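What follows is a short report on a single structure.
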Amino acid sequence: MKNLDIIRSNLQEILNRNKLIRSRSDFFEKIEAGGYSVSYINPFVLSFPGLKDLAKLDRHFFVVDSLFSKKVLDVVYSSAGALEKIEVLNFDFSGVALDVFEFGRNGDWDFVFCGGTDSDVRTFTSVIEERFPGISVSGAFSGYDARFYKVKLKEFLRDRNAFVLLGLGSPKQEKEILEIHRGFGGSSSLACSIVTCGGFISQTAKAEDGNYYPAVVVRYNVRFLYRFFKEPKTIFRVIVHYPVFVVAVFQIRFCKKFFCHFL
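Add 17 to the 1-based position in the sequence shown for my numbering, that's all there is to it.
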């Protein structure tokens, strides 16, 4: 199965290179330092053949964005003797976004938003500025005009205080990060922090109160069911990729070479 081979290969590359951020403190350590990029993984994202190239970058790391992925990956880490469980670090207002914007407002960060339509990113910026008074937003660009946003993003990549939120959707945002790092000869000159957020910019812009997920959905951790209703395309992704992801994880679990890597 080609899909199984791709998911297993990508995941094994990430784990063998210790590129999975497992805690909130580790996440903030990276983005505070600057010069790092962070993207999320789930079974759908892991099905992209080019993800291995991101894992090979010295200054790129990954976070888990769903409880399902966390539970399955905990099997790998616990079997390898790791005591620390993986934290779910999804970038939305039910995840790390609140802390990031609050931290950035109280620090010296200049936020740059890239994603959604022109209307989406303008509305999103207004929501953030209203919700976090005093926050600094230095740029907001649509994710649909690649030639424009590529030029504009270059203005911030060498800025130590810039925090770029990239909401282009997968695999577009992963490809963009890879291109950015390669443009810097592998990362050493990159100064800003870059974090991917999928559809967060568009979702927030379209939500009545700025919160895409209702409180009850967050409370019972059933975001995937809500997305089935709001975004039917995600049903296909789950049916096709999630069972394959489980098989891939258990194949890795019983691979002696991988197991010994963590001992």
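Positions of the beta carbon are idealized from the N, C-alpha and C atoms, including for glycine. Note that the structure is a prediction, hence the values are computed from the model and not measured.
Around the beta carbon of Lys-250, a 10 Å sphere encloses fewer than 16 other beta carbons of the protein chains shown; the residue is thus reported as exposed. In this structure, Phe-130 sits away from Val-117, with a CB-CB distance that is not shorter than 8 Å.
Note that the C-beta distance between Asp-127 and Ser-153 is below 8 Å. When beta bridges are read from the DSSP output, Asp-127 appears opposite Ala-179. Under the three-state reduction of DSSP, Thr-134 is assigned to coil, being neither helix nor strand. A residue is called buried once 16 or more other Cβ atoms fall within 10 Å of its Cβ, and Ala-222 is buried on that count. Note on the stretch 61 to 99: whole alpha helix (DSSP H) runs with a minimum of 4 residues are 68 to 72, 84 to 96, in chain order. Linking Cys-209 to Asp-109 through their CA atoms gives a straight-line distance of about 20 Å.
Under the DSSP definition of a beta bridge, Ile-24 lacks any partner.
Val-168 is bridged by DSSP to nothing; it lacks a bridge partner. Here Val-266 really is in contact with Val-92; their C-beta atoms are around 6 Å apart, less than 8 Å. Taking every protein chain shown into account, the CB of Tyr-237 has fewer than 16 other CB atoms within 10 angstroms, so this residue is exposed. A distance below 8 Å between beta-carbons, with the five flanking residues on each side excluded, links Phe-201 to the following residues of its chain, in chain order: Leu-174, Leu-207.
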